[in-house]
Each structure stands twice: as C-alpha cells, then as structure tokens.
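For reference, the structure discussed in these notes is given below.
Numbering (the numbering used here), first residue to last: 62 to 171.
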C-alpha cells in the first residue's frame, strides 16, 4: 500500500513551503514511521501534463506493508491539529491510496 499526496500552496515547492505544511509533514513522518511506513520520496512538481487545470507544488509518497499500517496512520488523532493547520495554508490537496506498490530495492515487500 502507498499513500500519495499532492499539495498546492502559495510557495513554489519544497524550498519555500509554508511552515504549517512543514510541521504537518514532520508530524506525518513521525507517525508514518511509527506505523511501519517508509518515505519513498518528496518531490517538487514541475507541471501537470493532463488534468483539470490545477497546479501543484509538491508530491509525497509513503509505502506501508499493508492496509492496517496505513489505517493506523490515517486514524492517528495526533495528526488532527497539524492537519487543520496544514489545510489553512493549502490552496489545494489531493490524496491517493495505491495498492501493489513494490519497494524491493529497500529490502521490504508488501
């Protein structure tokens, strides 16, 4: 399982993201790791080739061994305040849950 998130904010990517988003991502990292998650990457978005016209600044990808580990993260009450603060500085947010993501180079398999 993987969690893929796209963020749009008033900055221009990772280098100048709003502080509440940084705080959220730091809290997410702690909570995701505690739930067995592995950060696969944080990326600046360079553009959208196909879509509905929305523009994105950042993409983040996390891997989890199974749905239970991902659910432990998504239902973690410790993230509620960070999520609310994050939402106040985002102009858009998109979240996908992906199945079948393989991470053998990291030495773990779903």
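Backbone N, C-alpha and C define an ideal beta-carbon position, used for all residues, glycine too.
Predicted model only: the values in this text are computed from it and were never measured.
Between the beta-carbon of residue 63 and that of residue 159 there is about 4 angstroms, and that keeps the pair under the 8 angstroms contact cut. Residue 102: member of the beta strand (DSSP E) spanning 99-105, first to last residue.
Residue 116 is not bridged by DSSP to any residue. Cα atoms of residue 152 and residue 104: separation of roughly 18 angstroms, rounded to the nearest angstrom. A contact is defined here as three or more CB-CB pairs under 8 angstroms, and the stretch 93-110 meets this definition with respect to the stretch 122-131.
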